[in-house]
Amino acid sequence: MKELRTLPDGSITYELHRKRVKNMNLRVTTSGVVRVSASPRVPLGMIEAFICRHRTFIEKALQNRKSRGGHPMVPDLDTEIIVMGKMYRVVLEKPHTVSAYLKTSSQDSQLSDTPSDSPLQGSSSKRKAVQGSLSHRKLWGGSASTYAVTVANDILLVRYPSDHETLDASKVERMWLSFWKTLGQDFMEELAQQVYSEFQQAGYTVPTPTLRLRYMTSRWGSCMPVKEIITMNTRLLLGPTEFAHYVMVHEFAHFIEANHSSRFYKVMSDVLPNWQQVKAEMKAYYT
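Positions 1 to 287 (the working numbering) are the ones given, in order, by the sequence shown.
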């Protein structure tokens, strides 16, 4: 059961989720929503006292999200996101739900939302592109006292320290950035091999580049022709695979023509005839 409430002094509006949880939990989402989960047995007065104790944390979190809009690589819990062309649900890992997910499915502050019983089935990309696979991979994290992300089929299981009522937003952010970088390495390397073959088929000779991944705010990719290095933005993992494919083709084209000249765009059209359409779709998708 969920209800929208405001503290008696009108200072904080929050979502109250009544569910079977042992402890009260609080988080501020990347969209600036204050969410509290508590057992139906916990009196409202105790919940509001809990919120007031963390007033400074909430106000700071809201201010951070207002100033920077939330980190685009830190998804909210209990949401569905597209990763490498497939749909995944992000849920908080709890001992009594992990095994259930494995059986059925063969930023922020802490939240213990109950995940749905039927994880989404991944959908493949309609265009020719490499399809990522995450099944049963633990990609970042450590012991139960640390921050971690584990992949179980089409579920991203997030583990937060169990002894914290609130979380360190900087550690959550670092966790996700490390997760995406580790996750994307194999995917991008396979995609680079595919694009290399496409250039050969189009009659162009290109090197096998050294591939790097990192989160970037101002560009989707970069190419250093002399050093034969291509860097791809990890943000490309959060979307359809044809967008990453387009960016990879774009960066490979710089091995033929360093500048955005008419020759450069001819190379693009020879290798990826519909690149302008994909570029427009990508711009609309990430705006």
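In this text, a Cβ means the ideal position worked out from N, Cα and C, and glycines have one as well. Source: prediction; values computed, not measured.
key: Three CB pairs or more closer than 8 Å across the region 230–239 and the region 198–215   = yes
4-residue-minimum alpha helix (DSSP H) runs that sit fully inside the region 28–83, ordered along the chain = 44–53, 55–68
ask   = How many Å lie between Q194 and T13 at the Cα?
value = 50 Å
inquiry  = Going by DSSP, what residue range makes up the alpha helix (DSSP H) through T231?
reply    = That residue, T231, is in no alpha helix (DSSP H); its beta strand (DSSP E) goes 229–233.
key: Beta-carbon contacts of G203 that lie in its chain and below 8 Å, excluding the five residues immediately before and after   = D270
ask   = In its own chain, which residues sit with a C-beta less than 8 Å from the C-beta of T6, not counting the 5 before and 5 after it?
value = I12, T13, Y14
ask   = Y14 bridges to which residues according to DSSP?
value = R5
ask   = For T210, which beta-bridge partners are listed by DSSP?
value = I229
message = Measuring only the C-alpha atoms, how far is M282 from F243?
response = 6 Å
message = Quick check on Y215: does DSSP put it in helix, strand or coil?
response = coil
DSSP beta-bridge partners of G85 = Paired residues: none, contrary to the question.
query = Taking all protein chains shown into account, do 16 or more other C-beta atoms lie within 10 angstroms of the C-beta of H260, making it buried, or fewer, making it exposed?
reply = exposed
request  = Using three-state DSSP, classify L191 as helix, strand or coil.
outcome  = helix
Euclidean distance between Cα positions of K138 and N153 = Unreliable positioning characterises K138 in this predicted model, as indicated by a pLDDT of 46, which lies under 50. A coordinate reading is not provided.
message = Buried or exposed, going by whether 16 or more other CB atoms sit within 10 Å of the CB of L272?
response = buried
request  = Determine which residues share a DSSP beta bridge with S222 and list them.
outcome  = T231
message = Given this structure, state the Cα-to-Cα distance separating M24 from E190, to the nearest angstrom.
response = 44 Å
ask   = For M224, which of F255, P40, L177 has the nearest alpha-carbon?
value = F255
key: H54 vs L26 beta-carbon contact at 8 Å   = yes
DSSP-derived helix/strand/coil call for V91 = strand
ask   = Roughly how many angstroms lie between the CA atoms of M46 and V91, to the nearest whole one?
value = 26 Å
Through-space distance from L236 to W220, alpha-carbon basis = 7 Å
message = Tell me which residues share the same chain as L4 and place their Cβ nearer than 8 Å to its Cβ, disregarding the 5 neighbours each side in the sequence.
response = T13, Y14, E15, L16
inquiry  = To the nearest angstrom, how far is the alpha carbon of V33 from that of P161?
reply    = 22 Å
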